[in-house]
Each structure stands twice: as structure tokens, then as C-alpha cells.
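Residue numbers (my numbering): 1 to 49.
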Amino acid sequence: FSSQEFEILQTNEPNIMLRPENLFMARIGANIPEEIQRQFKLVRFNMDR
Numbered sequence: 001f002s003s004q005e006f007e008i009l010q011t012n013e014p015n016i017m018l019r020p021e022n023l024f025m026a027r028i029g030a031n032i033p034e035e036i037q038r039q040f041k042l043v044r045f046n047m048d049r
């Protein structure tokens, strides 16, 4: 996955944290605005509400 620029990201999503072999991967393109990246981080940690 790294050849396609995916990276492992942290999250507190219960279904992902359920088992140690689960992981959350995403690819954030170079043209994604900083504000969208910030919002994505908030969503990953359920802080968007």
C-alpha cells in the first residue's frame, strides 16, 4: 500500500480498535486543503460533533 502513498493513521474507532491486527489506512493527496485534512483528523477521533 505504501507504493500507492497510503499510510497507517491513528483512530479511536471502536471497530478498528477491537483487534490489534486491524488498522486504518488512508491516502491524502497533495492537493487536499489543510482545512479538509484537519476535518478528516477530527472525524477519525470522533471529535467532529
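Glycine included, C-beta positions come from ideal geometry on N, C-alpha and C. All values reported here derive from a predicted model rather than from experimental measurement.
- My guess is that E13 and F24 are in contact by the Cβ rule of under 8 angstroms, so how many angstroms apart are they, rounded? Yes, E13 and F24 are in contact; Cβ-Cβ is about 7 angstroms, under 8 angstroms.
**Asked** Since Q37 contacts D48 with CB under 8 angstroms, what's their CB separation in whole angstroms?
**Response** The pair is not a contact, with the Cβ atoms about 13 angstroms apart (cut-off 8 angstroms).
request  = Provide the residue span of the alpha helix (DSSP H) that contains F40, from first to last.
outcome  = Per DSSP, F40 belongs to the alpha helix (DSSP H) from E34 to R44.
query = Any idea what DSSP makes of M25, helix, strand or coil?
reply = strand
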